[in-house]
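Shown next as structure tokens:
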């Protein structure tokens, strides 16, 4: 391979090592992701997929809290490309976020090296492309961040872990799906549902009487899923970095962009059982299956499949309220999670974001508070760093819903570093929504039906043991409320996790800022940063 491709990798690695030389005790893990097209047939029809190192789905990144993870992405596609790391906080470095508001895309036949530290994080996460509709045909994978050996984990150690990526799927090429959206039409319903890239051929071999962990991520573009295992119960132990009270479920809803970890005790009779994922709030219901194989079993799993919910909104909302933080457990650091009493912190600002689906210039768009986001040629973060005018205007989106005509723009909302913010997502549409915030996790304090107002805080907010996570669902004609400490300086993407809506504008950026220039609050632009738009040459 051309050595010039790797020259930025070594320059970036040298800069990274210099910055973190004082933290030599934290290990480094190196990965190379070669991104190519390749033929796949998840639904039995040959089609073009996007592979990483020849794999679909892509390789799992296994690491430990505080590890430095270096990923050299080599783009061999015919289009610019980026990967974003779903839920990885990128402390003090939105430069590594992998979205078009912070990074120039990697041109074809070139590479770029991500330099990340899993600082004070544990849990189950995922990665996927953030450019165009690449995510619709692959290039996604899992990130599993395990606790350091010195940190007590509040559950029995499983004998093995299984990672499951649940995705909806289309038989169409990603460029065809993109043309549909670009023409102003909604994306058609998916053709199928997959577990680890297959409809029904995954087998997980286990030993009777043993304890196993299942790490499950919903990497779908549009669809909430329900997960269950025939004749077994699921003990929820973690969601996106938070240890939970160990409630037991027959099945659990996992919405677009979310992840969860379950313990499963293998105490059923010696035979095989179905693992089932099915779509929620869709007609028809799509289903993917796997097989939980008991070692020594000669009996295949038998029908019927375990029944799951289909469209029951109130059922799902009630279940969501049962997911609570384990206040006695350690997190990524040896201090109880509950020592941070979020419910007693004064809120400095309340913001209400309402999603909508307006027609602008004769075409369908999606909007937040009447602004439909469009990426400028110069990434917002680069424009902010170099004080480049004409790229975006701070506070170009209102902090409450309003009746002004919908418009297209590069919407950015400003916050002061360490603001403690209440964000309410108001959904007045008939479809379920899912919202993701890069750079921070947040407390999912409330879910409710109808229109949100301040009186609902006392009735519906959990100010004691709500979990932190990075993605929250918003039910049809309902609202969801989060509390977030804006303690990670930078330019961060707040987006719909439902990809067609994000592609057509349902996103914005939050600028977390103070006027102190210091590596203690934010790292400088990387030496290997790609340049585009109005960005000055190095």
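In the numbering used here, the protein residues as written are 670 to 1207. In this text, a Cβ means the ideal position worked out from N, Cα and C, and glycines have one as well.
Outcome for residue 1108 when other beta-carbon atoms lying within 10 angstroms are tallied against a minimum of 16: Mapped onto the chain shown, residue 1108 falls at position 439. Answer is buried; the Cβ neighbour count reaches 16.
Opening and closing residue of the alpha helix (DSSP H) in which residue 850 lies: Along the chain shown, read from residue 1 onward, the residue named residue 850 stands at position 181. Element bounds for residue 850: 843-851.
CB contact flag (residue 764, residue 1194, <8 Å): Taking the chain shown and counting its residues from 1, the one referred to as residue 764 is at position 95. Taking the chain shown and counting its residues from 1, the one referred to as residue 1194 is at position 525. Their beta carbons are under 8 Å apart, which means residue 764 touches residue 1194 by this criterion.
Per DSSP, the bridge partner or partners of residue 1024: Here the question's residue 1024 lines up with position 355 in the chain shown. Residue 1024 pairs with 1037 and 1096.
Give me the DSSP bridge partner(s) of residue 1088. Numbered from 1 along the chain shown, position 419 holds the residue referred to as residue 1088. Under DSSP, residue 1088 takes part in a beta bridge, and its partners are 1155.
With 16 as the cutoff for other CB atoms within 10 Å, does residue 736 come out buried or exposed? In the chain shown, residue 736 corresponds to position 67, counting from 1. Burial of residue 736 is indicated by the presence of at least 16 other C-beta atoms within 10 angstroms of its C-beta.
Can you round the beta-carbon distance between residue 1167 and residue 1102 to whole angstroms, since I take them to be within the 8 Å contact cut? Taking the chain shown and counting its residues from 1, one reaches residue 1167 at position 498. Taking the chain shown and counting its residues from 1, one reaches residue 1102 at position 433. Cβ atoms of residue 1167 and residue 1102 come within 8 Å of each other, at about 7 Å.
Validate contact between the segment 1133-1152 and the segment 1063-1083 using beta carbons, cut 8 Å, 3 pairs: They do not touch, by the three-pair rule.
Residue range of the unbroken beta strand (DSSP E) whose run includes residue 1169: As a position in the chain shown, residue 1169 is number 500, starting the count at 1. Per DSSP, residue 1169 is not a residue of any beta strand (DSSP E); the alpha helix (DSSP H) it occupies stretches across 1168-1172.
Is the separation between the beta-carbon of residue 932 and that of residue 886 shorter than 8 Å? For the purposes of this step, residue 932 is taken as residue 263 along the chain shown, with counting starting at 1. For the purposes of this step, residue 886 is taken as residue 217 along the chain shown, with counting starting at 1. Cβ distance not < 8 Å, so residue 932 and residue 886 don't count as in contact.
Quick one: what's residue 894 bridged to in DSSP? Position 225 of the chain shown holds residue 894. BP columns for residue 894 point to 923 and 948.
Identify every residue that forms a DSSP beta bridge with residue 940. Stepping through the chain shown from its first residue, residue 940 is reached at position 271. Partner residues in a beta bridge of residue 940, as assigned by DSSP, do not exist.
May I ask you to check if the CB of residue 799 is nearer than 7 Å to at least one heavy atom of the ligand SAH? This structure does not include the ligand SAH; it has no bound ligands of any sort.
Residues near residue 1032 in its chain [Cβ-Cβ closer than 6 Å; skip 5 each side]: Locating residue 1032 in the chain shown gives position 363, counting from the first residue. Counting only residues of its own chain and dropping the five nearest sequence neighbours on each side, residue 1032 has a CB closer than 6 Å to the CB of 853.
In whole angstroms, give me the CA-to-CA distance for residue 661 and residue 820. There is simply no residue 661 to check, as the chain begins at 670 and stops at 1207 in what is shown.
Quick one: what does DSSP say residue 1179 is sitting in, helix, strand or coil? Reading the chain shown from its first residue, position 510 is the one you call residue 1179. Reduced to three states, the DSSP call for residue 1179 is strand.
Quick one: which unbroken beta strand (DSSP E) runs of 3-plus residues sit fully inside the segment 749-783? Chain order, please. Within the segment 749-783, the complete beta strand (DSSP E) runs of at least 3 residues are 752-755.
For residue 963, does the count of other Cβ atoms within 10 angstroms reach 16, so buried, or fall short, so exposed? Locating residue 963 in the chain shown gives position 294, where the first residue counts as 1. Answer is buried; the Cβ neighbour count reaches 16.
Between the C-alpha atoms of residue 828 and residue 881, what's the straight-line distance to the nearest angstrom? The sequence position of residue 828 within the chain shown is 159, counting from 1. The sequence position of residue 881 within the chain shown is 212, counting from 1. If I take the Cα positions, the gap works out to 6 Å.
When we look at the beta-carbon of residue 1159 and count the other beta-carbons within 10 Å, is it buried (16 or more) or exposed? Residue 1159 sits at position 490 when you count from the first residue of the chain shown. Here residue 1159 is buried: its Cβ has 16 or more other Cβ atoms, across all protein chains shown, within 10 Å.
Measuring straight from C-alpha to C-alpha, what distance separates residue 1191 and residue 1205? By 1-based counting over the chain shown, the position of residue 1191 is 522. By 1-based counting over the chain shown, the position of residue 1205 is 536. Spanning the two alpha carbons is a distance of roughly 20 Å.
Between the C-alpha atoms of residue 1020 and residue 1149, what's the straight-line distance to the nearest angstrom? Taking the chain shown and counting its residues from 1, one reaches residue 1020 at position 351. Taking the chain shown and counting its residues from 1, one reaches residue 1149 at position 480. Going by the C-alpha atoms only, they are around 12 Å apart.
At which residues does the alpha helix (DSSP H) containing residue 934 begin and terminate? Taking the chain shown and counting its residues from 1, the one referred to as residue 934 is at position 265. No alpha helix (DSSP H) holds residue 934; the beta strand (DSSP E) holding it covers 928-934.
With three or more beta-carbon pairs closer than 8 Å as the criterion, would you say the segment 907-925 touches the segment 856-865? As far as the Cβ criterion goes, the segment 907-925 does not touch the segment 856-865, which means the pair count is below three.
How is residue 1050 classed by DSSP in three states: helix, strand or coil? By one-based count along the chain shown, residue 1050 stands at place 381. Three-state result, residue 1050: helix.
Short of 6 Å in beta carbon distance, which residues of its chain neighbour residue 1203, apart from the five on each side in sequence? Order them along the chain. The residue given as residue 1203 occupies position 534 in the chain shown. 1047 and 1057, listed in sequence order.
For residue 1098, tell me which candidate among 1136, 1106, 1170 and 702 has the shortest Cα-Cα distance. Here residue 1098 corresponds to residue number 429 of the chain shown, with the count starting at 1. Of the candidates 1136, 1106, 1170 and 702, the one whose C-alpha sits nearest the C-alpha of residue 1098 is 1170.
Can residue 1174 and residue 1043 be called in contact, C-beta distance under 8 Å? Counting from 1 along the chain shown, the entry for residue 1174 is found at position 505. Counting from 1 along the chain shown, the entry for residue 1043 is found at position 374. Cβ distance < 8 Å, so residue 1174 and residue 1043 count as in contact.
Identify the residues that DSSP records as bridge partners of residue 911: which are they? The sequence position of residue 911 within the chain shown is 242, counting from 1. Assignment of beta-bridge partners to residue 911 by DSSP yields 908.
For residue 953, tell me which candidate among 979, 969 and 1055 has the shortest Cα-Cα distance. The count along the chain shown starts at 1 and reaches residue 953 at position 284. In terms of Cα proximity to residue 953, the closest of 979, 969 and 1055 is 979.
Is it the case that the segment 933-944 contacts the segment 1178-1188, given that we only count it when at least three CB pairs across the two stretches are under 8 Å? The segment 1178-1188 vs the segment 933-944: no contact.
Taking residue 788 as the reference, which of 856, 901 and 1000 has the closest Cα? Working through the chain shown from its first residue, we reach residue 788 at position 119. With distances taken between CA atoms, residue 788 lies nearest to 1000 out of 856, 901 and 1000.
Are the Cβ atoms of residue 810 and residue 796 separated by less than 8 Å? Counting from 1 along the chain shown, the entry for residue 810 is found at position 141. Counting from 1 along the chain shown, the entry for residue 796 is found at position 127. Going by C-beta atoms, residue 810 is nearer than 8 Å to residue 796.
Here's a check: name, in chain order, each residue in its chain whose Cβ is nearer than 6 Å to the Cβ of residue 1061, leaving out the five neighbours to either side. Stepping through the chain shown from its first residue, residue 1061 is reached at position 392. Cβ neighbours of residue 1061 beyond the five flanking positions: 1049, 1079 and 1081.
Anticipated Cβ contact below 8 Å, residue 746 with residue 774, distance rounded: Position 77 of the chain shown, counted from the first residue, corresponds to residue 746. Position 105 of the chain shown, counted from the first residue, corresponds to residue 774. Actually they do not touch by this definition, with Cβ atoms about 10 Å apart.
To the nearest angstrom, report how far apart residue 903 and residue 1065 are at their CA atoms. Within the chain shown, numbered from 1, the residue matching residue 903 stands at position 234. Within the chain shown, numbered from 1, the residue matching residue 1065 stands at position 396. Near 45 Å, if we compare the C-alpha coordinates of residue 1065 and residue 903.
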